[in-house]
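Take a look at the structure below.
In our numbering, the protein residues as written are -13 to 536.
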């Protein structure tokens, strides 16, 4: 009969009491089998189960546990024994919450079964993670648990897709990725991960390979292999998931709250109340970065690194400049993906959505003219939308050959070289040929441009892909003023086929604006009052004469 979590912990404690010394999980498993305290598992199976059970013990009990881990060995502490599974009643409700949210449900039935074990009355048992729940709504200490910060969409995808997986398989994948990526870094032969499936086949086996492939494919290729570790590190740092008794990796209440809040933010703008997302933004330095963008209007990345580093040091968090550069770069990418900051050339500034996010959290602009500035930013956003509409109308009216020439100019601005227009006739479905530098290699690419109102369908993509070999190209790009059908989007990165990048009308206009082709920015000087200069006791450094006596 398989031992329950509580009974296994009890057996471990008895084993350590009799031994009087620290033991590894494998040695504990061997002694339990020799004493026939456990009879239905092999040594390897029992050792694996003990590792999972002991991890649960630390996640749920912390200092209240009777066990202490030193390296890979366990010994007894002097603390008393408390009930281990203290949050089961709440977790039963939590399983119902999971079902109501239509989250992955393959483990919900087993989770409910586990939670209905015979544990007696739990009304007087301290609740797990109570400290975290009590802290919600308060200011959170700066943590900076992750250097390379993942996108919010990546974390959400991993929360959904890894829920219900066996924790042992997840840990195996993490160990394998760490080992392989470390070996590549040490050898200096870093993978580009352009062919992720080929890399998985070459470096991973068994459950690790299957899980990596599933996460990659089911996330819509959003979760790259090199992003797994930073996502999992963030998930563990904020208790978004935990190991259930049956060894499955399951969403916690915090994880469900984060998914719900991100869904509300996506569907309703930034109208959702602050919660776990605010918790993480504050603890990971995101609020500080947004405040810097607000206070300085716009800043280069180098300036942000300097000011952010100074702010962290004032809060007792010292980081080397290399850490700050990588940490800030990934956080800016995260904030930009959420629409909270914008980049124009080399300058970062707070977006209208970013200002709203700060205001909904009770953070005010540093001067009394905040509302006027917000109205101006709103007007600028409307003007930008009008400019986009005008550009779309002009693109639709362009001469086809002139349109192709404009695309050539855009490609040159984006870093392509050796750009050639093909002849108007007999172009074999290709309008432009160009080279792009990828790492240390120069890759030939073929581009087809379509100025039309109808959506682009798959036959056009297939024809472009079929023309690659005629130009000795390895990939292609389809650019249109309209949109792409669902079938075309699905076929763009078809398994075993050359990749085809899709740029629709909206993305094309964004690129033209980013590279100032057919549009130019007009600078407007805004005056922002610095109220603190007029306050008594201002920290402004006045000239020395200001304080000299006659």
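Using N, Cα and C, we set each Cβ at its ideal position, and we do this for glycine too.
Kindly indicate which three-state DSSP category residue i falls into: helix, strand or coil?
i	result
residue 291	helix
residue 265	helix
residue 452	helix
residue 334	strand
residue 27	coil
residue 22	coil
residue 481	coil
residue 513	coil
residue 500	helix
residue 474	helix
residue 438	coil
residue 56	strand
residue 61	strand
residue 130	coil
residue 327	strand
residue 242	helix
residue 1	helix
residue 217	helix
residue 9	strand
residue 137	coil
residue 16	helix
residue 208	coil
residue 70	Because residue 70 sits at a pLDDT of 31, beneath the cut-off of 50, its placement in the model cannot be relied upon, and the following sentence gives the value as read from the coordinates. Note: residue 70 maps to coil in three-state DSSP.
residue 192	helix
residue 544	There is no way to answer for residue 544, as the model of the chain reaches only from -13 to 536.
residue 491	helix
residue 536	Interpretation of residue 536 is limited by its pLDDT of 49, a score under 50 that renders its predicted location unreliable; no figure is taken from the coordinates.
residue 226	coil
residue 233	coil
What is the C-beta distance between residue i and residue j, in whole angstroms, given that I count them as a contact (C-beta under 8 Å)?
i	j	result
residue 505	residue 384	At roughly 14 Å, the Cβ-Cβ gap does not stay under 8 Å, so residue 505 and residue 384 are not in contact.
residue 464	residue 488	5 Å
residue 278	residue 294	6 Å
residue 314	residue 290	6 Å
residue 231	residue 160	Going by Cβ atoms, the distance from residue 231 to residue 160 rounds to 21 Å, so no, they are not a contact pair.
residue 416	residue 393	Incorrect: roughly 12 Å between the Cβ atoms, too far for contact.
residue 205	residue 143	4 Å
residue 15	residue 36	6 Å
residue 366	residue 276	Rounded, the Cβ-Cβ distance is 18 Å, inconsistent with contact.
Between which residues of its own chain and residue i is the CB-CB distance below 8 Å, once the five residues before and five after are set aside?
i	result
residue 460	429, 430, 431, 454, 484
residue 38	153, 154, 229, 233
residue 479	207, 485, 486
residue 156	148, 197, 218, 235
residue 286	332, 333, 334
residue 9	1, 2, 17, 59, 60, 61
residue 361	none
residue 398	405
residue 54	60, 61, 62, 63
residue 130	269, 270, 271, 298, 303, 305, 313
residue -3	-11, 18, 23, 24
Can you find the residues in the same chain that come closer than 7 Å, C-beta to C-beta, to residue i, ignoring five residues on each side of it along the sequence?
i	result
residue 510	none
residue 451	462, 483, 484, 486
residue 133	309, 312, 313
residue 456	414
residue 56	8
residue 470	441, 442, 488, 490
residue 284	333, 334, 335
Spatial neighbours of residue i within its chain, please: CB distance less than 6 Å, with the 5 preceding and 5 following residues excluded, ordered by chain position.
i	result
residue 221	227
residue 135	316, 317, 320
residue 297	274
residue 420	397, 402, 405, 431
residue 553	Shown here, the chain extends from -13 to 536; a query on residue 553 therefore has no answer.
residue 237	149, 227
residue 11	33, 36, 37
Three CB pairs or more closer than 8 Å across the stretch 181 to 193 and the stretch 237 to 244: Judged by Cβ distances under 8 Å, the stretch 181 to 193 makes no contact with the stretch 237 to 244, as fewer than three pairs qualify.
Complete runs of the alpha helix (DSSP H) confined to the stretch 344 to 431 [at least 4 residues]: Entirely contained in the stretch 344 to 431, the alpha helix (DSSP H) runs reaching 4 residues are, in chain order, 356 to 383, 386 to 399.
4-residue-minimum alpha helix (DSSP H) runs that sit fully inside the stretch 141 to 190, ordered along the chain: Runs of the alpha helix (DSSP H) inside the stretch 141 to 190: 153 to 173, 182 to 189.
Three CB pairs or more closer than 8 Å across the stretch 224 to 239 and the stretch 139 to 153: Output reads yes: the stretch 139 to 153 touches the stretch 224 to 239.
At least 3 beta-carbon pairs within less than 8 Å: the stretch 435 to 442 vs the stretch 466 to 479: The count of Cβ pairs closer than 8 Å, one atom from the stretch 435 to 442 and one from the stretch 466 to 479, reaches three, so the stretches are in contact.
The stretch 321 to 338 / the stretch 301 to 311 touching (three or more Cβ pairs under 8 Å): No contact exists between the stretch 321 to 338 and the stretch 301 to 311.
Whole runs of the beta strand (DSSP E) within the stretch 268 to 322, excluding any shorter than 3 residues: Whole beta strand (DSSP E) segments, 3+ residues: 284 to 286.
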